[in-house]
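Worksheet for the structure shown next.
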Amino acid sequence: MAAVAATLLWASMLIVPCFAGDPFAFFDWNVEYTTVSPLGVPQQVIAINKQFPGPVMNITTNWNVVVNVLNSLDEPLLLTWDGIQQRKNSWQDGVLGTNCPIPPGWNWTYQFQVKDQIGSFFYFPSLNFQRAAGGYGGITVNNRPVISVPFGRPDGDITLFIGDWFTRNHSDLRKALDNGKDLGMPDGVLMNGKGPYRYNTTLVPAGIDYETINVQPGKTYRIRVHNVGVSTSLNFRIQSHNLLLAETEGSYTWQQNYTDLDIHVGQSYSFLVTMDQNASSDYYIVASARFVNESLWTRVTGVAILHYSNSKGKASGPLPDPPNDFYDKSFSMNQAKSIRMNTTTGAARPNPQGSFRYGSINVTQFYLLRNMPPVVIEGKRRTTLNGISYSPPDTPLRLADQFDEKGVYNLDFPNLPPSSGAPQIGASVINGTYKGFMEIVFQNNDTTVQSYHMDGYAFFVVGMGFGEWTNASRGDYNKWDGVSRCTTQVFPGAWTAVLVSLDNVGIWNIRAENLDSWYLGQEVYVKVINPESTTKTELPPPDNVLYCGRLQSKQKPQKPHGTNADSSSASIVFVRDKLLIFMLLFAAMAVFP
Ligand SMILES: *[C@@H]1O[C@H](CO)[C@@H](O)[C@H](O)[C@H]1NC(C)=O
Ligand SMILES: *[C@@H]1O[C@H](CO)[C@@H](O)[C@H](O)[C@H]1NC(C)=O
Ligand SMILES: *[C@@H]1O[C@H](CO)[C@@H](O)[C@H](O)[C@H]1NC(C)=O
Ligand SMILES: *[C@@H]1O[C@H](CO)[C@@H](O)[C@H](O)[C@H]1NC(C)=O
Ligand SMILES: *[C@@H]1O[C@H](CO)[C@@H](O)[C@H](O)[C@H]1NC(C)=O
Ligand SMILES: *[C@@H]1O[C@H](CO)[C@@H](O)[C@H](O)[C@H]1NC(C)=O
Ligand SMILES: *[C@@H]1O[C@H](CO)[C@@H](O)[C@H](O)[C@H]1NC(C)=O
Ligand SMILES: *[C@@H]1O[C@H](CO)[C@@H](O)[C@H](O)[C@H]1NC(C)=O
Ligand SMILES: *[C@@H]1O[C@H](CO)[C@@H](O)[C@H](O)[C@H]1NC(C)=O
Ligand SMILES: *[C@@H]1O[C@H](CO)[C@@H](O)[C@H](O)[C@H]1NC(C)=O
Ligand SMILES: *[C@@H]1O[C@H](CO)[C@@H](O)[C@H](O)[C@H]1NC(C)=O
Ligand SMILES: *[C@@H]1O[C@H](CO)[C@@H](O)[C@H](O)[C@H]1NC(C)=O
């Protein structure tokens, strides 16, 4: 009833494509710079509605989400919704292969449905290294009330963003990369946009604002942790507390306790943490850089505080120990392999997640994607996958297809790394077969951990191993309870294999989540088209689609909101009112169903 009313309310205000009677959630975001000093040095960061990190989008399976984004930055903007599958709707994905950037001073309204999904994800600005300056926030997709969840209702829900951080801003970092330099060691690790608690007076200067998580003894909290950093793998741990792993990017896992867990760039996990200690003091929450020389990197540690309501004092003493295996990554790989899907529980739907027997489906397409350490191509330092360094065309690929613009990209991405030939810069795309079953092996020939993400899909992580992948490696695949997720780590000198069912039509980004690797060219798109062109398998472009590149002449100008505070705040009030009406109505419906 509430859903129907909300749909009618919305339909009366705007003309929208018809998504069957599911509720709508409205968000109205102003993306702008603000100055904060997380590590004691004032710097410009990207805030949303003055919040850094941005607001958590707390929604439920199948809801329709409408986000009006006002770009108050001085550069183009796109927000991408990492892990939200955008079924049939790559138009809303917020990456350069599908969307024209929102020019500075303009607003653009995203509209999408979180169809058949649950779990912990995050959004972030996808262009120009902006994530290094913030602009990120959580996306929590709750189960519909009719779907049972494989654990009791937690006493609280806490979102924690961890990530390495530079005191140089994103434009300076970009410049360093453009000039062929490495970014070097980050200046710290932030937790929820804040610097470390002063656990060591030599390492941490006075006056740093740190994050405190307030809890009550005996209660159990769901803590959702996202690594939103630039490129550092982090080890996450809470002093004296077990982390019961419950979910990873939309799959419920076999619940197991970990004392610490490695979380790589772009990954999200939910832990159930019971406050079972005696609160003789507060406890440290730690995110420390992984696989780096600790004696050089000690200052790059994130420390927040877990504060019991009955705590008898401040946290003190050394941090809980990190894993001690600088030279040996097998502990971390084994830990990753120990994360299994709970195949007897449902996720977004009531049927068990494991009922999709990925292990017995025949693979129809195989890609081995090898990354290499940066190389110089055409005088520029670039990164590659299979010898190709991706350079985004001015016209988004999906838009070029829609308007039959030829030659924007080539559908010729090689299945295997080339055995010879110089690396190239270009826009080469994987030709995915609709309804096919694709095996992708990521082979990391670089010296640092990389993580790879795929938009539009969740993939099954079926194997990881050191050395070069061979056909025989398939013998070690987990064909039964591998987790289905959207971001996987690939250890240096090692491979990771994933399986993905190509049932979502669109053009979808596969990318390194490590920002420097991505910025320098480590990405590719997979084009999945239904040969019978139909609106049943892909939505038409939205009415407000932006045009650019070769299609620039189709774009109607928008009166920039500019710095005129009155006009921009007026539009925000308008949408807030709408949201308020919606919320009141929704509340009324809940009370008088
Ligand atoms: C970044 O910092 C440089 C100075 O190091 C400054 O010139 C530039 O305006 C800053 N850019 C942003 C977006 O804050
Ligand atoms: C998120 O939404 C769910 C369901 O509507 C609600 O139970 C929960 O309290 C909300 N969580 C937060 C942190 O607001
Ligand atoms: C910009 O915001 C205004 C006011 O909220 C809205 O009417 C308009 O549709 C938005 N424009 C786009 C392109 O989303
Ligand atoms: C798996 O899910 C079932 C069904 O919800 C639940 O009873 C069980 O405790 C879960 N097992 C583990 C190990 O998480
Ligand atoms: C603080 O860190 C410094 C540098 O790593 C170390 O020498 C010192 O022992 C630490 N102090 C304490 C109290 O742990
Ligand atoms: C996890 O650890 C907690 C104590 O922190 C314990 O009560 C619980 O039984 C453990 N669960 C599993 C599945 O090992
Ligand atoms: C609380 O626990 C700590 C560590 O487990 C122990 O050293 C301490 O004695 C305990 N304090 C009290 C008051 O029980
Ligand atoms: C870490 O760096 C220090 C100082 O440069 C060096 O002495 C030490 O050998 C390094 N340790 C490792 C494990 O590489
Ligand atoms: C997979 O391929 C094998 C051999 O080519 C064939 O026998 C089998 O029926 C196929 N399985 C499915 C599910 O299509
Ligand atoms: C892409 O794959 C389809 C089959 O899925 C095939 O028909 C088409 O010719 C391929 N296109 C190119 C350019 O290779
Ligand atoms: C590996 O398997 C593929 C088919 O999946 C086959 O074409 C290739 O020859 C095999 N390579 C080796 C070295 O056995
Ligand atoms: C990279 O590949 C070369 C051969 O192509 C191999 O000799 C080397 O060990 C690889 N390095 C890593 C870190 O995988």
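Numbered according to mature numbering (1 follows the signal peptide of the UniProt record, and there is no 0), the sequence shown spans residues -20 to -1, 1 to 573.
Ideal placement from N, C-alpha and C gives every residue a C-beta, glycine not left out.
- Contact annotation: Ala5 and Val45 have beta-carbon atoms nearer than 7 angstroms.
- Boundaries of the alpha helix (DSSP H) around Glu274: 274 to 277.
- In the three-state DSSP reduction, Gly501 falls in the coil class, being neither helix nor strand.
- What you get when you keep residues with a C-beta closer than 7 angstroms to any heavy atom of ligand 5 is Asn180, Thr182, Leu183, Thr278, Pro298.
- In the structure shown, the three-state DSSP call for Lys174 is strand.
- The alpha carbon of Val485 has as its nearest neighbour, out of Lys539, Asn411, Tyr389, Thr517, the alpha carbon of Thr517.
- Closest option to Asp2, judged by alpha-carbon separation, among Pro33, Ile39, Val21: Ile39.
- When C-alpha distances from Asn351 are compared across Phe417, Asp392, Ser497, the shortest belongs to Ser497.
- Residue pairing by DSSP puts Gln23 in a beta bridge opposite Val16.
- The continuous beta strand (DSSP E) containing Asn122 extends over residues 117 to 122.
- The beta carbon of Asn122 is closer than 6 angstroms to those of Thr40 in its chain, skipping five residues each way along the sequence.
- Restricting attention to beta strand (DSSP E) runs no shorter than 3 residues, the region 264 to 344 encloses them at 281 to 288, ordered along the chain.
- Looking at the DSSP output, Gly136 shares a beta bridge with Tyr201.
- Here Asp144 is buried, its C-beta having at least 16 other C-beta atoms within 10 Å.
- Here the alpha carbons of Val169 and Val463 stand approximately 28 angstroms from one another.
- At least one heavy atom of ligand 7 falls within 6 angstroms of the beta-carbon of Asn258.
- Beta-carbon to beta-carbon, Tyr232 and Thr325 are separated by about 5 angstroms, close enough to satisfy the 8 angstroms threshold.
- When the five nearest sequence neighbours on each side are left out, the beta carbons in the same chain lying within less than 7 angstroms of the beta carbon of Val355 are those of Arg362, Thr364, Pro403, in order along the chain.
- Burial of Val421 is indicated by the presence of at least 16 other C-beta atoms within 10 angstroms of its C-beta.
- It is roughly 19 angstroms from the alpha-carbon of Pro56 to the alpha-carbon of Pro33.
- Ranked by Cα distance from Pro332, the first of Ser340, Asn322, Tyr432 is Asn322.
- Sequence-distant partners of Glu358 (beyond 5 residues in either direction) whose C-beta falls short of 8 angstroms from its own C-beta, in its chain, are Ile405.
- Distance from the CA atom of Cys80 to the CA atom of Pro373, rounded to whole angstroms, is 11 angstroms.
- By DSSP's assignment, His433 forms a beta bridge with Thr467, Arg491.
- Taking the Cα of Tyr238 as reference, the smallest distance to any Cα among Met418, Gly501, Ile319, Ser211 is reached at Ile319.
- Put simply, of Asn451, Gly293, Ile243 the residue whose alpha carbon is nearest the alpha carbon of Phe271 is Ile243.
- Per DSSP, Ser151 lies in no beta strand (DSSP E) segment; the continuous alpha helix (DSSP H) that holds it begins and ends at 150 to 158.
- Inclusion of Pro472 in the 6 angstroms shell around ligand 12 follows from its C-beta lying nearer than that to a non-hydrogen atom of the ligand.
- For Asn342, the Cβ falls inside the 6 angstroms cut-off from some heavy atom of ligand 9.
- Counting only the Cα atoms, Ser275 lies some 25 angstroms from Asn172.
- A straight line joining the alpha-carbon of Gln31 with that of Val210 spans about 20 angstroms.
- Minimum Cα-Cα distance from Ile490 among the listed residues Thr181, Asn69, Pro22, Gly77 corresponds to Gly77.
- Following the DSSP letters along the chain, one finds Leu76 in no beta strand (DSSP E), marked with neither H nor E.
- Within the same chain, Cβ atoms closer than 6 angstroms to the Cβ of Arg530 are found at Thr375, Glu385, the five residues on either side in sequence being excluded.
- A residue is listed when its beta-carbon falls short of 6 angstroms from at least one non-hydrogen atom of ligand 4; in chain order these are Pro130, Trp234, Gln235, Asn322, Thr324, Thr325.
- Distances between the C-beta of Asp152 and the heavy atoms of ligand 1 include at least one below 6 angstroms.
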